[in-house]
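For reference, the structure is listed below as structure tokens.
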């Protein structure tokens, strides 16, 4: 696999336009393609973000989110991550939720309100 895999890797090499050798192959110009709709999947639009913020203001936080914010306020970040991970199922979701709750605390502190 050592030199063999290097010889087969064409991503970094420029094609020479000849049929043999390490840089064999037909020379072509790189096409610039228009972005496909699927490439923006998961991006949060302004309208949806505003609606979610409004719902968050009206409904408030779930009990586990309130506990998360308390843990973050007293500096127990790792414990907060463990709680979020247990409630949400995956490490990545837990990290995202912890970050979201931290941002919410900072936003509330900037407004001068008490969190929770």
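In this note's numbering, the protein residues as written are 56 to 171.
The beta-carbon is built from N, C-alpha and C at its ideal position, and this holds for glycine as well.
This structure is a prediction, so every number in the text was calculated from the model and none was measured.
Rounded Cβ spacing between residue 159 and residue 149 (contact assumed at less than 8 angstroms): No, residue 159 and residue 149 are not in contact; Cβ-Cβ is about 16 angstroms, not under 8 angstroms.
Residue 127: first and last residue of the uninterrupted alpha helix (DSSP H) it sits in: Residues 118–128.
Assigned secondary structure, residue 83 (DSSP; H/G/I helix, E/B strand, else coil): Three-state DSSP puts residue 83 in coil, outside helix and strand.
Cβ pair count under 8 angstroms reaching 3, the stretch 138–155 against the stretch 111–125: Taking 8 angstroms as the limit for Cβ pairs, the verdict is that the stretch 111–125 does touch the stretch 138–155.
Alpha helix (DSSP H) segment containing residue 163, residue limits: It spans 146–166 - the alpha helix (DSSP H) in which residue 163 sits, taken as one unbroken run.
Range of the contiguous alpha helix (DSSP H) that encloses residue 73: Residue 73 -> no alpha helix (DSSP H), and no H or E assigned at all.
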